[in-house]
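J.: Numbering (our numbering), first residue to last: 640 to 1064.
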Ligand code: SF4
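1) Measuring straight from C-alpha to C-alpha, what distance separates residue 815 and residue 828?
2) Output the residues surrounding ligand 1, defined as those with a CB atom closer than 6 Å to any ligand heavy atom, in chain order.
3) With 16 other CB atoms within 10 Å as the buried threshold, where does residue 995 fall?
4) If you compare alpha carbons, which of 805, 764, 765, 976 is closest to residue 778?
5) Can you round the beta-carbon distance between residue 849 and residue 882 to whole angstroms, since I take them to be within the 8 Å contact cut?
6) Going by C-alpha distance, which of 1060, 1013, 933 is nearest residue 757?
7) Taking Cβ to Cβ, would you say residue 817 is nearer than 8 Å to residue 803?
8) Closest to residue 823 by CA distance: which of 832, 843, 838 is it?
9) Which two residues bound the contiguous alpha helix (DSSP H) that contains residue 735?
10) Can you tell which of 992, 1024, 1015, 1025 has its C-alpha closest to the C-alpha of residue 1009?
11) At the level of alpha carbons, what is the spacing between residue 990 and residue 906?
12) Going straight from the alpha carbon of residue 948 to that of residue 876, what length do you get?
13) Which class does residue 835 belong to by DSSP, given the choice of helix, strand or coil?
14) Could you give the DSSP three-state label for residue 1064: helix, strand or coil?
15) Whose C-alpha, out of 699, 674, 679, 682, is nearest the C-alpha of residue 693?
16) Output yes or no for whether 8 Å exceeds the beta carbon distance between residue 1057 and residue 739.
17) For residue 831 and residue 838, I'd like the C-alpha separation in whole angstroms.
18) According to the neighbour-count rule (16 or more other Cβ atoms, all chains shown, within 10 Å of its Cβ), is residue 965 buried or exposed?
19) Might you give, ordered along the chain, the residues of its own chain that have their beta carbon closer than 6 Å to the beta carbon of residue 1003, omitting 5 neighbours on each side?
20) Since residue 921 and residue 890 are thought to touch, with beta carbons under 8 Å apart, how far apart are those beta carbons, to the nearest angstrom?
21) Determine the extent of the beta strand (DSSP E) in which residue 728 is found, giving its start and end residues.
22) Taking all protein chains shown into account, do 16 or more other C-beta atoms lie within 10 angstroms of the C-beta of residue 821, making it buried, or fewer, making it exposed?
23) Identify every residue that forms a DSSP beta bridge with residue 1023.
24) Distance, Cα to Cα, residue 840 vs residue 1042?
25) Comparing C-alpha positions only, which one of 1031, 658, 927 sits nearest to residue 761?
26) Would you decide whether residue 945 is buried or exposed? Buried here means 16 or more other CB atoms lie within 10 Å of its CB.
27) By alpha-carbon positions, which one of 754, 1064, 706 ends up nearest to residue 988?
28) To which residues of the same chain is residue 911 closer than 7 Å at the C-beta, ignoring the five residues directly before and after it?
29) Is it true that the CB of residue 931 sits closer than 8 Å to the CB of residue 732?
30) Residue 971 and residue 702 look like a contact to me (Cβ under 8 Å); what is the Cβ gap, rounded to whole Å?
31) Determine which residues share a DSSP beta bridge with residue 925 and list them.
32) Pop quiz: residue 664 and residue 1040 are said to be a contact at Cβ under 8 Å. What is the actual Cβ separation, rounded to whole angstroms?
33) Please report the distance separating the alpha-carbon of residue 845 from that of residue 895.
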């Protein structure tokens, strides 16, 4: 950390923001007497998270304040008695997730992330037929046609600024040369207006119909004729024109957000994107890009894959990792009463709260966490990238970014708490 003029004021540059999956790594943040302020390159989401004051609270057992060590002993007692623990939420960094995996292996637990439903929509496609995806850097430097399918990327406030309307790119691609297309329902295209005021192309249809539109584009690109006038309310002529643009683009990308494709069997829609991308590579360069990875989801999925050989939703109950994308879902395991204790972790956000379960529940959450029930154990934890250093993996799964410690925190981090549990259990 670069010290400015006095001890109580410091400015950190090139700070990675951990508060959504695209992990912008250019923030400039001031620490003035342990209060943080974004001086450059933030967004409202980042400001709300970095600039909020940390609450003073304590570890609790059944609502009663206790020393941290006592709470850790109580966690060990619950996990020792538990036959089928569930470790969910998993909002932590790479180091925290490594300890989650170690403890899951030791206790026979099932692991699932709070965004597990979105993660498996992608995992199922990757496992089934494979995919060709790209990175934010490749989009920034090469993409001249970017199709947003079922998302406007507004949950990732700086995606356009950092990836599409960026001032510089390699290979002299000017941002105004890019064509932006939206396919879906009620998408806000403001961010897609280019710096010269050129508006994006909209293909409006219900989210459930995106797959139909993509299949029709695929058919047109193969040279098939469609003997109808409209598909999902969109004129075939419009689709034909987009199909031509896709074939002649120098580098096209289909962007989706698995979490926003909240429809039954969304994986089939994603599979349609990926199969169209594969076909298009016969003519030009084309790739997919999945927006997501909030609350450390990409890191949790990656660490799970490194250590168990499977993506998330793995159960260690038989002494070896068993992957099951449907059965090992938090919602299903709790609903079917297949687990007898719950460890919930959320160290980035106080808004994603633990489900209220009728089994012994341990919550490792931010100090601001407000639960609608009293868990058996609550431990306030520090936030990676704010209160302690660490590492997170970006939405495109290819870049891991370093997180900085920006202020002093009196709370322990997830990794150190779980290490103590592992040693004592
Ligand atoms: S867009 Fe996401 S990563 Fe970037 S500053 Fe905003 S919240 Fe942070």
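Heads up, the beta-carbon is just placed ideally off N, CA and C, and yes, glycines get one too.
T.: On the basis of the coordinates in this document:
1) As a working note, residue 815 is residue 176 in the chain shown. As a working note, residue 828 is residue 189 in the chain shown. So the alpha carbons of these two residues sit roughly 16 Å apart.
2) 656, 658, 659, 661, 662, 663, 681, 682, 684, 685, 795, 796, 797
3) Reading the chain shown from its first residue, position 356 is the one you call residue 995. Per the 10 Å Cβ criterion, exposed.
4) Taking the first residue of the chain shown as 1, we reach residue 778 at position 139. When each option's Cα is compared against that of residue 778, the closest is 805.
5) The residue labelled residue 849 in the question sits at position 210 within the chain shown. The residue labelled residue 882 in the question sits at position 243 within the chain shown. At roughly 16 Å, the Cβ-Cβ gap does not stay under 8 Å, so residue 849 and residue 882 are not in contact.
6) Sequence index remark: in the chain shown, residue 757 carries index 118 (1-based). Out of 1060, 1013, 933, 933 has the C-alpha closest to the C-alpha of residue 757.
7) Within the chain shown, residue 817 is the residue found at index 178, counting from 1. Within the chain shown, residue 803 is the residue found at index 164, counting from 1. By the CB criterion at 8 Å, residue 817 and residue 803 fall inside the cutoff.
8) Within the chain shown, numbered from 1, the residue matching residue 823 stands at position 184. Among 832, 843, 838, the Cα nearest to that of residue 823 is on 843.
9) By 1-based counting over the chain shown, the position of residue 735 is 96. Here the alpha helix (DSSP H) through residue 735 covers 733–746.
10) Locating residue 1009 in the chain shown gives position 370, where the first residue counts as 1. Checked all of 992, 1024, 1015, 1025; the closest Cα to residue 1009 is 992.
11) Residue mapping note: residue 990 aligns to position 351 of the chain shown, counting from 1. Residue mapping note: residue 906 aligns to position 267 of the chain shown, counting from 1. Between residue 990 and residue 906, the C-alpha separation is close to 27 Å.
12) If you number the chain shown from 1, residue 948 lands on position 309. If you number the chain shown from 1, residue 876 lands on position 237. Those two C-alpha atoms are separated by around 46 Å.
13) By one-based count along the chain shown, residue 835 stands at place 196. In the structure shown, residue 835 sits in coil (DSSP, three-state: anything other than H, G, I, E or B).
14) Here residue 1064 refers to the residue found at position 425 of the chain shown. Note: residue 1064 maps to coil in three-state DSSP.
15) Working through the chain shown from its first residue, we reach residue 693 at position 54. Nearest option by C-alpha distance: 674.
16) As a position in the chain shown, residue 1057 is number 418, starting the count at 1. As a position in the chain shown, residue 739 is number 100, starting the count at 1. Going by C-beta atoms, residue 1057 is nearer than 8 Å to residue 739.
17) Position 192 of the chain shown, counted from the first residue, corresponds to residue 831. Position 199 of the chain shown, counted from the first residue, corresponds to residue 838. Straight across, the Cα-Cα distance linking residue 831 with residue 838 is about 7 Å.
18) On the chain shown, residue 965 is found 326 positions in, with the first residue counted as 1. Exposed, since its Cβ has fewer than 16 Cβ neighbours within 10 Å.
19) Translated into the one-based positions of the chain shown, residue 1003 becomes position 364. 984, 1018, 1020, 1053, listed in sequence order.
20) As a first step, residue 921 must be located in the chain shown, where it is residue number 282. As a first step, residue 890 must be located in the chain shown, where it is residue number 251. Rounded, the Cβ-Cβ distance is 15 Å, inconsistent with contact.
21) By one-based count along the chain shown, residue 728 stands at place 89. First-last of the beta strand (DSSP E) with residue 728: 724–730.
22) Numbered from 1 along the chain shown, position 182 holds the residue referred to as residue 821. By the neighbour-count rule (16 or more Cβ atoms within 10 Å), residue 821 is buried.
23) By one-based count along the chain shown, residue 1023 stands at place 384. DSSP lists 1027 as partners of residue 1023.
24) By one-based count along the chain shown, residue 840 stands at place 201. By one-based count along the chain shown, residue 1042 stands at place 403. Rounded to whole angstroms, the separation of the alpha carbons of residue 1042 and residue 840 is 37 Å.
25) Along the chain shown, read from residue 1 onward, the residue named residue 761 stands at position 122. For residue 761, the nearest C-alpha among the options comes from 927.
26) The residue you call residue 945 lines up with position 306 of the chain shown. Classification for residue 945: exposed.
27) One-based indexing of the chain shown puts residue 988 at position 349. Closest option to residue 988, Cα to Cα, is 754.
28) Stepping through the chain shown from its first residue, residue 911 is reached at position 272. Cβ neighbours of residue 911 beyond the five flanking positions: 850, 853, 854.
29) Taking the first residue of the chain shown as position 1, residue 732 is located at position 93. Taking the first residue of the chain shown as position 1, residue 931 is located at position 292. Contact: no.
30) On the chain shown, position 332 is the one that residue 971 refers to. On the chain shown, position 63 is the one that residue 702 refers to. Actually they are not in contact, since the Cβ atoms of residue 971 and residue 702 sit about 29 Å apart, beyond 8 Å.
31) One-based indexing of the chain shown puts residue 925 at position 286. Answer is 891.
32) Counted from its first residue, the chain shown places residue 664 at position 25. Counted from its first residue, the chain shown places residue 1040 at position 401. Indeed they touch by this definition, with Cβ atoms about 5 Å apart.
33) Counting from 1 along the chain shown, the entry for residue 845 is found at position 206. Counting from 1 along the chain shown, the entry for residue 895 is found at position 256. Answer to the nearest angstrom: the Cα atoms are 15 Å apart.
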